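Colleague:
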Amino acid sequence: PCGRRFESCPPDHFLSRRAPKGKIMTDVVSYSLIGKVATLTMDDGKVNAISPVMSAALDTGLNRAAKEAQAIVIRGREGVFCGGFDLTIIQGDDYEQKTQMHEAGMALLKRIYMSSKPIIFAVTGHAVAMGALLILTGDARIGLSGNFRIGLNETSIGLTLPITGLELARDRLDPRFFQLATINAEFFSPEDAVLAGYLDHVTNTLDFDSTIIKISNDLATISSKAFSETKRRVRQPTLDRIAALEQNLRH
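For the sequence shown, the numbering used here gives the first residue as -11, with consecutive numbering after it.
(1) Apply the 10 Å Cβ neighbour rule to Ser211 and answer buried if 16 or more other Cβ atoms are within range, or exposed otherwise.
(2) Grab me the residues of Gly143's own chain with a C-beta within less than 8 Å of its C-beta, minus the 5 sequence neighbours each way, in chain order.
(3) If Ile138 and Ala181 are in contact, beta carbons under 8 Å, what's the gap, nearest whole angstrom?
(4) In the DSSP assignment, find the unbroken beta strand (DSSP E) run with Phe109 in it and report its ends.
(5) Can you give the Cα-Cα distance for Asp47 and Ile22, rounded to whole angstroms?
(6) Please report the residue range of the beta strand (DSSP E) in which Phe69 lies.
(7) Taking C-beta to C-beta, are Ala214 and Ala59 nearer than 7 Å?
(8) Under 7 Å, do Leu121 and Cys70 count as touching if we go by C-beta distance?
(9) What's the gap between the Cα of Asp162 and the Cα of Leu124?
(10) Short check: CB of Phe109 to CB of Ile62, under 7 Å?
(11) DSSP three-state call for Gly274: helix, strand or coil?
(12) Taking C-beta to C-beta, are Gly64 and Thr112 nearer than 7 Å?
Structure follows, in structure tokens:
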């Protein structure tokens, strides 16, 4: 089983692959469109670390999906959804690179959180730190049953959760688990992650893809105007609170 500290092992280089017919691929994110549903699949060959390259690739995919799709699925590779920020950058000496990665990551979280199109996360395995924050932004979060860990381990490795992360956790997690998840850096199994509020559903391997397809197709039929306006009314207060707290921190 995974220990409390989930070691992210960012790749030395990103995989380059030829795109199959009907798909568009970058080095770390593939894009496909079936009907009204676009799917972005993260695969850096290791733990899907959120590096500046990964953030940019996801942004590019989201830009295209916003034009072509009515619902967007974001999924990981087999066994790993996302292992968090790139630890080689976090532990390095390049302050500018750290800042760039952090700012791009926080912007990505806010973008997905307020997306006018439904975002469905197919959580294919471990979702740690920034990976757990990502799934907090989704409209439907489907996890795969298995020996996987989901959670915010920042404090256990000497990092302070950013304001954006804390407020997303406050908004989406069950209040009973909020302090366990954020202060105590508690990890959850996929089943317990449903109770905590990280996930909405957990399925077995056989039903995983069909569940993703059904939920994403259902969400794709919802009125875009009604969905986006209701979502804005529900979530804008959290975004406003984040902005106010960040403003106070700067003064």
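Even for Gly, the Cβ is constructed at its ideal location relative to N, Cα and C. In this text, all values refer to a predicted model and were calculated from it rather than measured experimentally.
Modeller: Quick answer:
(1) As a first step, residue 211 is located in the sequence shown; it is residue number 223 there, counting from the start. Exposed is the call here.
(2) Position 155 of the sequence shown holds residue 143. One point to set straight first is that residue 143 is Thr, not Gly, in the sequence displayed. Only Leu149, Thr170, Ile171, Asn172 and Ala173 meet the Cβ criterion.
(3) For the purposes of this step, residue 138 is taken as residue 150 along the sequence shown, with counting starting at 1. For the purposes of this step, residue 181 is taken as residue 193 along the sequence shown, with counting starting at 1. So it is a contact: roughly 4 Å between Cβ atoms.
(4) Walking along the sequence shown from the start, residue 109 turns up at place 121. It spans Ile107 to Val111 - the beta strand (DSSP E) in which Phe109 sits, taken as one unbroken run.
(5) In the sequence shown, residue 47 corresponds to position 59, counting from 1. In the sequence shown, residue 22 corresponds to position 34, counting from 1. Asp47 and Ile22: Cα-Cα distance of roughly 19 Å.
(6) Translated into the one-based positions of the sequence shown, residue 69 becomes position 81. Residues Gly67 to Cys70.
(7) In the sequence shown, residue 214 corresponds to position 226, counting from 1. In the sequence shown, residue 59 corresponds to position 71, counting from 1. Cβ atoms of Ala214 and Ala59: not closer than 7 Å.
(8) For the purposes of this step, residue 121 is taken as residue 133 along the sequence shown, with counting starting at 1. For the purposes of this step, residue 70 is taken as residue 82 along the sequence shown, with counting starting at 1. It is not a contact, given that the beta carbons lie outside the stated cut-off.
(9) Mapped onto the sequence shown, residue 162 falls at position 174. Mapped onto the sequence shown, residue 124 falls at position 136. Roughly 12 Å separates the two Cα atoms.
(10) On the sequence shown, position 121 is the one that residue 109 refers to. On the sequence shown, position 74 is the one that residue 62 refers to. Yes, the Cβ-Cβ distance between Phe109 and Ile62 is below 7 Å.
(11) Outside the displayed span of the chain (-11 to 239) sits residue 274, for which this structure offers no information.
(12) Looking up residue 64 in the sequence shown gives position 76. Looking up residue 112 in the sequence shown gives position 124. Closer than 7 Å, so yes.
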